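These protein sequence lines map, in sequence, to chains E and D.
According to the working numbering, the first sequence is numbered sequentially starting from 32.
According to the working numbering, the second sequence is numbered sequentially starting from 571.
Built from N, CA and C at the ideal position, the CB exists for glycine as well.
Since the model is a prediction, treat every value here as computed from it, not as a measurement.
The next block holds one structure in the form of structure tokens; read it before the comments.
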Amino acid sequence: EAGVTQFPSHSVIEKGQTVTLRCDPISGHDNLYWYRRVMGKEIKFLLHFVKESKQDESGMPNNRFLAERTGGTYSTLKVQPAELEDSGVYFCASSQDTGGPPVLTFGAGSRLTVL
Amino acid sequence: AQRVTQPEKLLSVFKGAPVELKCNYSYSGSPELFWYVQYSRQRLQLLLRHISRESIKGFTADLNKGETSFHLKKPFAQEEDSAMYYCALSRYNTDKLIFGTGTRLQVFP
């Protein structure tokens, strides 16, 4: 079974540019999550999709971040325009809906460096 | 607000020594607690969760509601246990995980 796939693994951009991160969840997983770890800080929740709908986007930092999950399959997270403080590792995770506490399967992460 | 605290950034022990990675949380309701682990060059993965009351790779964790703690323990550390360990909490009936800042465990031979 393929795991959660994220692309790119590392992106280096300049302040003001745009970057789009992609996540392919495990097939059949309706739940898809984005998290972010900024250097030296905790892993923070960004948002949660159930199929194509945003269930919870309370962690999105501001309107420079746009997440989509068209068709309820893969998801993209766009940062436009990027700022220095957006640098970090962006993790995607997916899970099945079991009715119990979530068991997340994480991707390898996309490291974003904004210069 | 819910919060997870891991007071130690780094914990170093010798092989065979007992290990306890501390985790405290703040949440007034019924929490669901997890330990996630990230080995070198691997992905973040679930180690164990409190509702399962299981032992994984020799690790156990007991939820202590009185002390609001969920410490991770292993009686005899192995070199392959060296990794970054994250404690996480989710509120009852929600999917959002709140992570601590993580503790790096180094096990020396």
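query	result
Whose C-beta lies closer than 8 Å to the C-beta of residue 102(E) among residues of the same chain, with five residues either side of it excluded?	83
Can you check the region 37 to 66 of chain E for any beta strand (DSSP E) of at least 3 residues that lies completely inside it and give the ranges in chain order?	41 to 44 and 50 to 55
So which residues on chain E does residue 665(D) lean against when the C-beta distance must stay under 8 Å?	62, 64, 79, 86, 87, 126 and 133
State yes or no: is the beta carbon of residue 139(E) nearer than 8 Å to at least one beta carbon in chain D?	yes
May I ask which residues mark the beginning and end of the beta strand (DSSP E) holding residue 594(D)?	594 to 596
With 8 Å set as the bound, which would you pick, yes or no: does the beta-carbon of residue 74(E) sit closer than that to a beta-carbon of chain D?	yes
When we look at the beta-carbon of residue 617(D) and count the other beta-carbons within 10 Å, is it buried (16 or more) or exposed?	buried
Expressed to the nearest angstrom, what Euclidean distance is found between the alpha-carbon atoms of residue 574(D) and residue 669(D)?	6 Å
Residues in its own chain within less than 8 Å of residue 577(D) by CB, not counting five upstream and five downstream?	592 and 594
Tell me whether residue 43(E) is buried or exposed, calling it buried when 16 or more other Cβ atoms sit within 10 Å of its Cβ.	exposed
Note down, in chain order, all residues in the region 614 to 643 of chain D with a beta-carbon under 8 Å from any beta-carbon belonging to chain E.	614, 615, 616, 619 and 621
Which of the three DSSP states, helix, strand or coil, is assigned to residue 582(D)?	strand
Hey, is residue 122(E)'s beta-carbon within less than 8 Å of any beta-carbon in chain D?	yes
How should residue 627(D) be labelled, buried or exposed, when 16 other C-beta atoms within 10 angstroms of its C-beta is the threshold for buried?	exposed
Could you check where the beta strand (DSSP E) with residue 673(D) kicks off and where it finishes?	673 to 678
Are the CB atoms of residue 649(D) and residue 679(D) within a distance shorter than 8 Å?	yes
Would you check if the distance between the CB atom of residue 97(E) and the CB atom of residue 85(E) is smaller than 8 Å?	no
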